[in-house]
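J.: Structure incoming, see below.
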Amino acid sequence: MGSLRLTLCTGVLAAVAAAGPTASAADGGVSVSPSTPGPGSDLALRATGCTGTTGTAASKAFVSDVELTGGDGTLAGETRVRSMVGPGRYEVQVICGGDKSKSMKSHVTIGNASAAPSAPASPVAPVKAGGGGTAHLASVDAAATGPNTAHTVTGLVLVGAAAVAVVLRGTRRSRRTG
Numbered sequence: 011m012g013s014l015r016l017t018l019c020t021g022v023l024a025a026v027a028a029a030g031p032t033a034s035a036a037d038g039g040v041s042v043s044p045s046t047p048g049p050g051s052d053l054a055l056r057a058t059g060c061t062g063t064t065g066t067a068a069s070k071a072f073v074s075d076v077e078l079t080g081g082d083g084t085l086a087g088e089t090r091v092r093s094m095v096g097p098g099r100y101e102v103q104v105i106c107g108g109d110k111s112k113s114m115k116s117h118v119t120i121g122n123a124s125a126a127p128s129a130p131a132s133p134v135a136p137v138k139a140g141g142g143g144t145a146h147l148a149s150v151d152a153a154a155t156g157p158n159t160a161h162t163v164t165g166l167v168l169v170g171a172a173a174v175a176v177v178l179r180g181t182r183r184s185r186r187t188g
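Numbering of the sequence shown is given in this note's numbering, commencing with residue 11 and proceeding in unit increments.
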């Protein structure tokens, strides 16, 4: 009995989640989420009825054309609404697979601008970027981080090995020519 109740609750939850805030055009099979985006907001598009796996959606309200991908008759993509677009209804044209004869038209309604931030965005502390982010390293004591005896010994061993290699190479060449 408990599993039947769980199954029914899960089914109802899935149906409610699928019917989230979207605007759909009955004539075109294009849905937009959120249903009334504001200027500068992100937007998800979904087109049903395209037979291909790619498509393009275009509107004067979008920052750029939307590349749609998917399969099984459903294509999806994301875009952003222009930040300076005015409120109103804008046409959205979806072209399925690059074939202009297979296109759908719909509309998206842009709402009023979202509330402006109360204070302009500005840093409240120094930003750790570029050379300025390494400034705290200059305050470290140079004597504590400089070369020590281990570094000196390693350097001398490497110099000695290089000198031996040069001498051996020179003696081998002189034996071959002489």
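Even for Gly, the Cβ is constructed at its ideal location relative to N, Cα and C.
Excluding the 5 residues flanking Ala-33 on each side, which residues of the same chain have their C-beta closer than 6 Å to its C-beta?
T.: Its pLDDT being 40, under 50, Ala-33 is placed unreliably in this model, and the coordinates cannot settle the point.
J.: Use the C-beta contact count for Pro-157: other C-beta atoms within 10 angstroms, 16 or more gives buried, fewer gives exposed.
T.: exposed
J.: Can you give me the C-alpha to C-alpha distance between Gly-83 and Ser-93, rounded to a whole angstrom?
T.: Spanning the two alpha carbons is a distance of roughly 31 Å.
J.: Taking the alpha carbon of Gly-121 as the reference point, which residue from Val-40, Thr-89 and Gly-50 has its own alpha carbon closest?
T.: Gly-50
J.: What does DSSP give as the partner residue(s) for Thr-181 in the beta ladder?
T.: According to DSSP, Thr-181 bridges with nothing at all.
J.: Would you list the residues sitting across from Gly-80 in a DSSP beta bridge?
T.: Its beta-bridge partners are Leu-85.
J.: Under the rule that 16 or more other beta-carbon atoms within 10 Å means buried, what is Gly-87, buried or exposed?
T.: Flag for Gly-87 reads buried.
J.: Out of Gly-80, Gly-81, Gly-65 and Thr-89, point me to the one whose CA is closest to Ala-71's CA.
T.: Thr-89
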